[in-house]
Structures are given as structure tokens and as C-alpha cells.
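Under the working numbering, the residue at position 79 of the sequence shown is numbered 79, and the numbers go up by one with no gaps. Note that beta-carbon positions come from the ideal geometry of N, C-alpha and C, so glycine has one too. What you are looking at is a predicted structure, and each value in this text was computed from that prediction instead of being measured. One structure is given below, encoded as C-alpha cells.
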Amino acid sequence: ESYCGPCPKNWICYRNNCYQFFNESKSWHQSQASCMSQNSSLLKIYSKDDQDFLKLVKSYHWMGLVQVSTNGSWQWEDGS
């Protein structure tokens, strides 16, 4: 059974997560700061179901994946 709990107003609940999409154009860093100011984080895809859900969203979106400048590897913003 899936339960999202109360998502903030105008957020979308899907598979135990709350999502918010904006029409504003922002850089990755601006988007990250905006999410952090709302006690949230950029998108992280955990499964194919998550990926399929995002295909339904007809907008561009930033993910919390960033390239590490020191070695060129990719890392999620949470360090994983």
C-alpha cells in the first residue's frame, strides 16, 4: 500500500513522494537553492516506475545529479 501523506499545496503525490514542477527557467544551482529553501531536493530517480511517471510530465526538469569537477564522475546531490 502506498501513502504519500500530506504533500504541500499544489504538489503532486506519487509513490510515497511529493513532486513540484515549475514553469520558470532556472539554472541547476538556482533550482537546487529553490528546492532547499522549501526543505526539499532536486529529483532523484529510484526506479523505472519513477522514470515512467516523469515521462507523463510535459515539462523540462532538473535532476539532482551533478558531475564532480575533480574527477569527472557523476554523483547525486545527496552524495550517493
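Item                                                                                              : Value
Whole-Å CB distance - E77 paired with S41, under 8 Å assumed                                      : 6 Å
Neighbourhood of F53 by C-beta, 7 Å cutoff - its chain only, sequence neighbours within 5 removed : Y14
Under 8 Å between C-beta atoms of W62 and S31                                                     : yes
Three-state secondary structure (DSSP) of E1                                                      : Because the pLDDT at E1 is just 47, under 50, the model does not fix this residue reliably, and the value given afterwards should be weighed accordingly. In the structure shown, E1 sits in coil (DSSP, three-state: anything other than H, G, I, E or B).
Residue of C7, E24 and N16 minimising C-alpha distance to N39                                     : C7
Secondary structure of W28, DSSP reduced to three states                                          : helix
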